Each structure stands twice: as C-alpha cells, then as structure tokens.
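Student: Chains as they are written, first to last, in this note's numbering: chain A, 1 to 115; chain B, 1001 to 1234. All residues carry an ideal CB built from backbone N, CA and C; glycine is no exception. Predicted model, so just to flag it, every value in this text is computed and none were measured.
And the structure:
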C-alpha cells in the first residue's frame, strides 16, 4: 500500500484456504462407493442412484459448512448422507412439534446443587 | 454436583438401539428413561419394549388433541409415561420385539410386565437442576433439535446457531467437564446423549452437546424424569 509515496505493510492479511474445495470434491465418486459399502446402501435403479449421489454431494458440502460453524465437533459422512434434510426429518425424527406441557404436569422437586 | 457423571459406568443404560426407518425416537427415549429408573429401583437392567408403545400407546396431550402418540409418525415421551402408568407397565424387549413398523395389532400381555412407572415429572430448565435430577433419578428423557445430528461424527457439538424447536426424542445419560474436540484442541463441558440410530452413528451411538450454552438446540426445555415401581428382581 502506498500512502504519500511511502510504502507500508498492508495491515489486512489475506487468508486463503490451503485445500482446494474442488480437489476435495474430485474423489466424491470414491467416497460415495465407500459410503454405499459401509452402510450397505442399494438403490432400485440408476436414476435413483444418480439422485442419491447428487444428494450425497450436497450433504458433503453441508457437512463442510457445518464444520466451520461447529468447530468443536466433527461433521462428515454419516448413514444419513444420501437423504435430504427434509427426508431426514420425515423419516428419522418423530417428536410431535405441537408439544405443550399440560397444566397438571407434575414438576420435579428442586434439588440442592451446592454440595 | 460431580463434575463428571455417566450412568453407563453404573450399569443403568442398555446397549444402543436402532429405530430404523421409523419416527419412533420418542418411544426409545421413554423406554431408556424407564430402563434406568427400573435399574435404580431393582438393580436389574432390563431392555424394555418400544414396539409396545408403538402398537398400543395412542395417548394424546391433554391440552392438544392433535398431539397423540402414533407409532412411526411420532409421539411424546410424557404421553408414553402416562400410557405406561395407566396400562400397568412395559414388557421386555425380548417378549415384544421391535419391528420398526406401526399400525400393527397391540400384543400387550399384562402378565408379562417387566417394569412399572410409579410417577413422572418435568424438570426445571435450569442446567444444574437437570444435572442434579440426572444424578439422583437416573437417565432423563429429553427433546432436542436434531438438525446438526445428520452430519455429526464425533466430538462436542456446539454450533454457533441452533434452533430450539425440538423434533427428536433422546436420552440424557451423563455429563462431562472437558470434552476434547480434536479439530480445535479445545475442551468443552458437555452432555452425553444416547441416541437411537444404531452404534454406527456418532460416538458409538452417542452424541455430545455442549453444556452451559443457554439451552442449545432446545436441550433444556423438555426434560422428564420417571420413577419406577420398586420390585424384587425375579
């Protein structure tokens, strides 16, 4: 940066990723094969397979984004990597969302916690 | 309160189960809590039947007729406790095994009841109270927002943003003071949660989520403790 003819160090440090996202995505085929083998996944036809592969790639990107937002955990390929978040919610979760505590619900006694 | 506590080390937790392609998490959360309470009452660890709840429990929330336990289409742990209290108890897993399918005929046999509920209650949203109730009364049935669990592999999950709308029923079995997070070399206090997606998911079927983070993912909002009838082991 040149200020009044004087060259100074740029106070803004450029930060770039050491790994290239595209390079990581190159071996997606291999990762999907490993995923299918590990979780014994089979699909009824090629169209279904291709669709699941697209979902898998999207989930891998999602996992990478989540890794940045949840750095103390490890996010990546799981048994749910070939289902969309909507399918995941519909097929694997089952808590009724309308829950409200009834008025007569018994409250647990307050316990001492100081000792 | 101890800084670390884990009911698995005290023999109150059955092996991780797998709900399969069925929205029956609520039944696994409820049976897990009763398995722990039954252990505390009898010193006997018995795996209890989720399928009984799926087939036979259609209890509705007293204030919301649309919130009824309905097998793979969802349910509530407190409704399940209410059903178990009224019907007399739950059978063993081996006597009423899990199929992961609903709309089957109820095959509950009163003569084969293995565990009975004496009472249940909801725990204050205060994290110290949750920890105290866990230590005193056994594993707790809790609800959580499971969005981040789809991609979870291990470590202590502590997302910067997580909705408090709960959509998944799980079992709180313990807590720790310093969970090692391999990516950031960071320690965090955490809850230990038993899930029902098999042992290949997460940390051998378990999930760690940070404590002291203002009800992260709604973990503090819907916490239930159950007590079992004291019976002599047969």
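Considering only their Cβ atoms, is the gap separating residue 1124 (chain B) from residue 1227 (chain B) smaller than 7 Å?
Tutor: For this step, residue 1227 (chain B) is matched to residue 227 along the second chain. For this step, residue 1124 (chain B) is matched to residue 124 along the second chain. No. Outside cutoff.
Student: Report buried or exposed for residue 1235 (chain B), applying the criterion of at least 16 other Cβ atoms within 10 angstroms of its Cβ.
Tutor: As shown, chain B starts at 1001 and ends at 1234. That puts residue 1235 (chain B) outside it, with no answer to give.
Student: Could you please tell me which residues of the stretch 1111 to 1141 of chain B, in chain order, have their CB closer than 9 Å to any CB of chain A?
Tutor: 1119, 1120, 1121, 1122, 1123, 1124, 1126, 1128, 1129, 1131, 1132, 1133, 1135, 1136 and 1137
Student: Give me the Cβ distance between residue 1236 (chain B) and residue 1087 (chain B), rounded to the nearest whole Å; I'm assuming they're in contact under 8 Å.
Tutor: Chain B is shown only over 1001 to 1234; residue 1236 (chain B) falls outside these bounds and no answer can be derived.
Student: Tell me, please, whether the CB atom of residue 1086 (chain B) is closer than 7 Å to any CB atom in chain A?
Tutor: The sequence position of residue 1086 (chain B) within the second chain is 86, counting from 1. Answer no: the Cβ-Cβ gap between residue 1086 (chain B) and chain A never drops below 7 Å.
Student: Which term fits residue 1144 (chain B), buried or exposed, when burial requires 16 or more other beta carbons within 10 angstroms of its beta carbon?
Tutor: The count along the second chain starts at 1 and reaches residue 1144 (chain B) at position 144. With 16 or more other Cβ atoms within 10 Å, it is buried.
Student: Please name the residue in B:1131, B:1051 and B:1153 whose C-alpha comes closest to that of residue 1002 (chain B).
Tutor: For the purposes of this step, residue 1002 (chain B) is taken as residue 2 along the second chain, with counting starting at 1. Cα-wise, what sits closest to residue 1002 (chain B) is B:1131.
Student: Starting from residue 1143 (chain B), trace the alpha helix (DSSP H) both ways and give me its first and last residue.
Tutor: Taking the second chain and counting its residues from 1, one reaches residue 1143 (chain B) at position 143. That residue, residue 1143 (chain B), is in no alpha helix (DSSP H); its beta strand (DSSP E) goes 1140 to 1144.
Student: Pair every Cβ in the stretch 1167 to 1175 of chain B with every Cβ in the stretch 1028 to 1046 of chain B, then say whether three or more of these pairs are closer than 8 Å.
Tutor: yes
Student: Between the stretch 60 to 85 of chain A and chain B, which residues of the former have CB atoms less than 7 Å from a CB of the latter, in chain order?
Tutor: 62, 63, 66, 69, 70, 71, 72, 73, 74, 75, 76, 78, 79, 80 and 85
Student: Return the CA-CA distance between residue 1103 (chain B) and residue 58 (chain A), expressed in angstroms with no decimal places.
Tutor: Locating residue 1103 (chain B) in the second chain gives position 103, counting from the first residue. Locating residue 58 (chain A) in the first chain gives position 58, counting from the first residue. Taking the straight line joining both Cα atoms gives about 34 Å.
Student: Kindly indicate which residue of B:1214, B:1044 and B:1078 has the alpha-carbon position closest to the one of residue 1163 (chain B).
Tutor: By 1-based counting over the second chain, the position of residue 1163 (chain B) is 163. Taking only the C-alpha atoms, the option nearest residue 1163 (chain B) is B:1214.
Student: Any idea what DSSP makes of residue 1160 (chain B), helix, strand or coil?
Tutor: Here residue 1160 (chain B) refers to the residue found at position 160 when the second chain is read from its first residue. Correct three-state label for residue 1160 (chain B): coil.
Student: With a cut-off of 7 Å, does the C-beta of residue 1168 (chain B) fall near any C-beta of chain A?
Tutor: Indexing the second chain from 1 puts residue 1168 (chain B) at position 168. Closer than 7 Å to some Cβ of chain A, the Cβ of residue 1168 (chain B) qualifies, so yes.
Student: Taking Cβ-Cβ distances below 8 Å as the criterion, which residues of the stretch 1142 to 1158 of chain B are in contact with chain A?
Tutor: 1143, 1146, 1147, 1148, 1150, 1151, 1152, 1153, 1154, 1155, 1156, 1157 and 1158
Student: Can a CB atom of chain A be found closer than 7 Å to the CB of residue 1188 (chain B)?
Tutor: Translated into positions along the second chain, residue 1188 (chain B) becomes position 188. Judged by the 7 Å Cβ criterion, residue 1188 (chain B) is in contact with chain A.
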